[in-house]
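Undergrad: Please read through the structure below; I'll follow up with questions.
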Amino acid sequence: MNANIEAPDSRQAASLWRRLPAMSGGVPQILPAFIVIFLVFNIPIASMLGRSLLPLDEPFANYQELFSRTVYLKVIWNTFFIAIVTTIICCLLGYPLCYWMWKLSGRWRLIVVALVALTFWVSILVRAYAWIVILGNDGIVNQLILAVGLTTVPVPFMYNRLGVVIGTTNVLLPFLILPLFAAMMRLDKRLLLAAESLGASKNEIFWKIFFPLTMPALLAGGILIFILTLGFFITPAILGGGRVPMVANMMDLLINRLPKWELAAAIASVLLAITMCCFFLYQRLNSRL
Amino acid sequence: MDNSVASSRSAEPARSSVGSVVDKLASGLIAVVALVVLLFLTLPILIVIPMSFSSAEALTFPPPGLSLRWYEAFFGDSRWLAAARTSILVAVASSSLAVVLGSAASYSLVRGSWPGRNLVEANLLLPLVVPQVIFALALYMVFARVGILGTLGGLILAHTVLALPYVVLIMSVAIRSFDVRIEQIALSLGSSWPRMFVTIALPNLAPSLAAAWLFAFVISFDEVILTIFLSGVNETTPKRMFNELTLQVNPTITAIATLLIVASAVTIGALAWFAKRGGLAARSIIR
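In order, the protein sequence lines correspond to chains A and B.
Using our numbering, the letters of the first sequence map in sequence onto residues 1 to 289.
Using our numbering, the letters of the second sequence map in sequence onto residues 290 to 576.
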């Protein structure tokens, strides 16, 4: 044995090499992915956070500028407003649809889930384009309204907050529906049967059992929608037409048009902090489900 | 006591008949709301597909006549085709990289015994949580300093990191459901780890690997934000679509959109098929 350790022959070295992945408890398999995520994700995010504090002699200057200039405050307020409205609308639209899907019989339920999943997969650009066709000044809705005679001038549905909220809701609704529906399917049906056999009305069963039990999933879905809307870029750029700037679009402007990288980094850091707080809440809610 | 029970029983039928009418109304209302929401969700698909076959230049719906001119416009435009080629190249490269890195990492996370696995797993999943625009901004500044801003290599790296969490999520489930004793038997019978991995683990995980690759491919192919920030003069299909959409309305996009919707439907079908096969493979092993 001793001799082997002092002078391992090549065959043994080879076998050691072959057994290493199993013996080392999986460290060699994680390393490539970890190196990539460290270099291409961790370092960039960390250096962005650091950059937001430049110049070093006045580390909070960027944050001061961000929260004192009305231009930036307006954009931040606009972003929060759209995120809150979108979240509320998604919850109001998503819950009835999920409840209806939950009550459907097996085959129809499968078809509806497949439809929702399909919209989930359709490119965000394709959907933005469709909304231009539907909501534009010479779009379908305006053609209808003009033909019926409700108005004589086209109603501006696009290039304002309304258009952005419609487009964003359309894109993000599946993110609420699919997890909420899954949570409803996980619900123990015996609870509802027990309530029914004890004489509860359908109304009571829904409000006293079904709704409270699915409420955490609805809240979690709402937080997810809120986070996703905060960082939304494509839909506001297309359906807002530059007139409804959100935080992400302002970052694009600060980086690509008027190079103010430090300020962009500060905005991104604030957005990141808010997102992480919301995500923490989301995790807490999900772990209780 | 008896009386009150009797009276409440006699009141029961009356209440339930009123209640059932209310219940029916309520469930009818829910069905109507649900169908309207479903229509709202699917409306873009229902509009875009017929419009792609329109013969009109303007955005008129329903289309005045049918033609394939927008498909011809797409396949006859070398810039659109070049963008499509770039998209496919970037998606194939980054999804392949993500699957290799991510499945090895998942194996280590599920089967490994090293400390701090939870932390590393959370780190690998973090790109899923951080808004893409923040990630794009952070990479823009680092890529500019390193000098790979505007290169396809940099874009592929960025897309790889974006797709990695999805691969880790899919493969972790797949590996967890694959019986570890089968691997242990192979190892205890004298197989080296690489040989066990190639001849035992890989064939059983193949359907899930295919699903993960497809998922990563779609993530990369559809990605716009990182591409806008990082690709420089290179154009991918979504980036060109975005630029066209912010400038003017070009019906060629309806043709591309329809092709993408068909591709999405095929992908969902393929994913479902792979998921089923993955499940079947796992079950047949246990038997």
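Every residue gets a Cβ at the ideal spot worked out from N, C-alpha and C, and that includes glycine.
Please state whether DSSP places A:S68 in a helix, a strand or coil.
TA: helix
Undergrad: Hey, A:E262 and A:R51 are a contact pair by Cβ (cut 8 Å); roughly how many whole angstroms apart?
TA: 6 Å
Undergrad: Just confirm the distance between the C-beta atoms of B:L451 and B:P416, as a whole number of angstroms; I'd bet it's less than 8 Å.
TA: Yes, B:L451 and B:P416 are in contact; Cβ-Cβ is about 6 Å, under 8 Å.
Undergrad: How many angstroms separate the CA atom of B:D312 from the CA atom of B:P454?
TA: 45 Å
Undergrad: How about A:G231 and B:G401: are their beta carbons less than 7 Å apart?
TA: no
Undergrad: Report yes or no: do the segment 81-93 of chain A and the segment 220-227 of chain A share at least 3 C-beta pairs separated by less than 8 Å?
TA: yes
Undergrad: So B:F329 contacts chain A; which residues on that side make the cut at Cβ distance below 7 Å?
TA: The CB of B:F329 comes closer than 7 Å to the CB of N170 in chain A, given here in chain order.
Undergrad: List the residues that DSSP assigns as beta-bridge partners of B:S343.
TA: B:L355
Undergrad: Candidates B:S385, B:A552, B:R566, B:V435: which alpha carbon is nearest A:S47's?
TA: Comparing Cα positions, the closest option is B:V435.
Undergrad: So what does DSSP say about A:G94, is it helix, strand or coil?
TA: helix
Undergrad: Give me the Cβ distance between B:L390 and A:V40, rounded to the nearest whole Å; I'm assuming they're in contact under 8 Å.
TA: B:L390 to A:V40, Cβ: 11 Å. No contact.
Undergrad: Do B:L426 and A:M251 have their CB atoms nearer than 7 Å?
TA: yes
Undergrad: Using a C-beta cutoff of 7 Å, does B:I338 count as contacting chain A?
TA: With 7 Å as the cut-off, B:I338 does not count as an interface residue toward chain A.
Undergrad: Would you kindly report the start and end of the unbroken alpha helix (DSSP H) that includes A:A200?
TA: First-last for A:A200: undefined, no H or E at that position.
Undergrad: What are the residues of the segment 363-396 of chain B that lie near chain A, defined by any Cβ-Cβ distance shorter than 7 Å?
TA: L390, G391, A393, A394, Y396
Undergrad: So, under 8 Å CB-CB, A:P236 and A:V164 are touching, yes? Tell me the CB distance rounded to an integer number of Å.
TA: Approximately 5 Å separates the beta-carbon atoms of A:P236 and A:V164; this is inside 8 Å, confirming the contact.
Undergrad: Mind checking if B:G354 is an interface residue toward chain A, Cβ cutoff 7 Å exclusive?
TA: no
Undergrad: Going by DSSP in three states, B:G365 sits in which element: helix, strand or coil?
TA: coil
Undergrad: Mind listing the chain A neighbours of B:M460? Cutoff is C-beta to C-beta under 7 Å, in chain order.
TA: Using a Cβ-Cβ cut-off of 7 Å, B:M460 is close to nothing in chain A; its nearest Cβ partner there is about 11 Å away.
Undergrad: Exposed or buried, which one is B:V422 when buried takes at least 16 other CB atoms within 10 Å?
TA: buried
Undergrad: Start and end of the alpha helix (DSSP H) containing A:R284?
TA: 261-287
Undergrad: Where B:A387 and A:P55 are concerned, what is the direct C-alpha to C-alpha distance, given to the nearest angstrom?
TA: 37 Å
Undergrad: Tell me, please, whether the segment 114-126 of chain A touches the segment 333-353 of chain B by the rule of three or more beta-carbon pairs shorter than 8 Å.
TA: yes
Undergrad: Roughly how many angstroms lie between the CA atoms of A:Y129 and A:L198, to the nearest whole one?
TA: Each residue's Cα considered, the two are about 53 Å apart.
Undergrad: Quick one: which chain B residues come within Cβ less than 8 Å of A:P96?
TA: When 8 Å is used as the limit between beta carbons, A:P96 is near these residues of chain B: I319, V322, A323, V326, in chain order.
Undergrad: Output yes if chain A places a C-beta closer than 7 Å to the C-beta of B:G439; else output no.
TA: no
Undergrad: Could you tell me whether the segment 152-162 of chain A touches the segment 129-143 of chain A, using the rule of 3 or more Cβ pairs below 8 Å?
TA: The segment 152-162 of chain A vs the segment 129-143 of chain A: in contact.
Undergrad: Does DSSP classify B:W403 as helix, strand or coil?
TA: coil
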